[in-house]
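Using my numbering, the first residue of the sequence shown is number 4, and each one after it goes up by one. Each residue gets a CB set at the ideal place from its N, CA and C atoms; glycine is no exception.
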Amino acid sequence: MGVAVVTGASTGIGKATAIRLAREPGAELVLVARREELLRELAGSLPCRATYVAVDLTDEDAPERVRAHLEAEHGGTLHLLVNNAGAAWRASFAEGGSANVRRHMELNFDAVVRLTEALLPLLRKAAPSAIVNVASTAGRVSRARTGAYSASKFALIGWSDSLYAEEKPGGVHVGLVMPGFVRTEGFPATELREKAVTRWIVSKPEKVAEAIYECGPGGRAERYVPRPYALAAISRILFPSLTRRVLTGGAASNLTTSTGSE
Ligand SMILES: NC(=O)c1ccc[n+]([C@@H]2O[C@H](COP(=O)([O-])OP(=O)(O)OC[C@H]3O[C@@H](n4cnc5c(N)ncnc54)[C@H](OP(=O)(O)O)[C@@H]3O)[C@@H](O)[C@H]2O)c1
């Protein structure tokens, strides 16, 4: 473990990932998100060197700011980029329209692509190194009112698979992590936690953080968290009619939870 950039490190899965990576010998972290106070507090509490960049990743100059920070503070070295920052705003297409699709794509896809473009030369120079993209099981299976979010995560998964093949020969590993329901600030899963029958399907950020670590340099190509969520993806391919029936039935409305961004 050397220098790692973790985006979306102020809360949830990103924060848990920073705490997990900080345990590794030789770890040096760069925490990225908008809320400076939270980043400063986390950086000060970690048992390794940690700096931060408070930036909105959808800003035009965000990738250059992170790269300049790495050059100034970490000798231009980067061994691991964790693209984790993301959000969801639930709406049907009739309600949210193309503006909601654009908002999701800007943060969950375009910002990831632009940051990766700016940092790939550093990762190549430091190879063996890795990029871990945090997508979602919603990037394999889409539900009502999650179309814009799912579109951004489907895009991220498709692009990640291609990048995996392109960068493998040069030693930049590309890992893909696809969480299911995980209780965080942005995805509180309140509706699921309120009912005994669905409470058990909600996981913890620490479990995703472990999977992100496993998908780092020299690690796994992909992980669902928790693992049984892979069955949703398998079922979408092997049993499309059955999957559609389940996802349009009465019980399916319970599976579209409200989010922190709304
Ligand atoms: N929790 C789940 O159920 C679940 C399931 C599948 C996938 N995921 C994915 O996991 C990732 C992390 O989500 P989470 O559950 O940990 O949610 P979270 O607690 O809301 O964390 C989101 C992080 O992204 C940062 N962020 C949001 N907009 C940003 C922007 N414009 N610029 C920079 N940083 C921004 C937030 O920090 P600031 O507000 O300080 O900027 C925060 O640190 C996301 O990509 C999400 O899609 C989550």
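Inter-segment contact for the segment 115-123 and the segment 41-51 is absent: fewer than three beta-carbon pairs are separated by less than 8 angstroms. For Ala53, the distance from the CB to the nearest heavy atom of ligand 1 is not below 7 angstroms. Taking 8 angstroms as the cut-off, the beta carbon of Ala19 is found no closer than this to the beta carbon of Cys51. The C-beta of Leu84 has 16 or more other C-beta atoms within 10 Å across all chains shown, which makes the residue buried. The beta carbon of Gly150 sits closer than 6 angstroms to those of Phe96, all from its chain and outside the five residues before and after it, given in chain order. For His107, the secondary structure class from DSSP, reduced to helix, strand or coil, is helix. Its Cα nearest to that of Ala102, the residue Tyr152 stands out among Leu60, Tyr152, Pro231, Thr140. Leu110 is not a Cβ neighbour of Gly142, given a cutoff of 8 angstroms. The residue from Leu234, Arg70, Ile134 with its alpha-carbon nearest to that of Gly222 is Ile134.
Judged by DSSP secondary structure, Gly178 falls within the beta strand (DSSP E) whose first and last residues are 175-182.
Beta-bridge partners of Ala7 (DSSP): Leu32, Leu83.
Approximately 5 angstroms separates the beta-carbon atoms of Pro131 and Pro220; this is inside 8 angstroms, confirming the contact. 8 angstroms or more divides the Cβ of Tyr227 from the Cβ of Arg23. In the DSSP secondary-structure assignment, Tyr55 is bridged to Leu34. Per the coordinates, the alpha-carbon of Gly11 lies some 16 angstroms from the alpha-carbon of Leu159. For Ile134, the secondary structure class from DSSP, reduced to helix, strand or coil, is strand. Put simply, of Arg38, Met4, Ala36 the residue whose alpha carbon is nearest the alpha carbon of Ala25 is Met4. DSSP links Glu225 through a beta bridge to Leu179. In the structure shown, Ser13 adopts coil according to DSSP, grouped into three states.
Contact between Thr54 and His72 holds: their C-beta atoms lie close to 7 angstroms from each other, under 8 angstroms.
For Arg148, the closest of Gly17, Pro28, Glu265, Ile16 by C-alpha to C-alpha distance is Glu265. Taken atom to atom, the span from the alpha-carbon of Ser261 to that of Ala168 is near 36 angstroms. Around the C-beta of Asn257, fewer than 16 other C-beta atoms lie within 10 Å, and the residue is accordingly described as exposed. Under the 10 Å beta carbon count, Pro208 is surrounded by 16 or more other beta carbons and is classified as buried.
Remark: C-beta atoms of Thr14 and Thr201 do not approach each other more closely than 8 angstroms.
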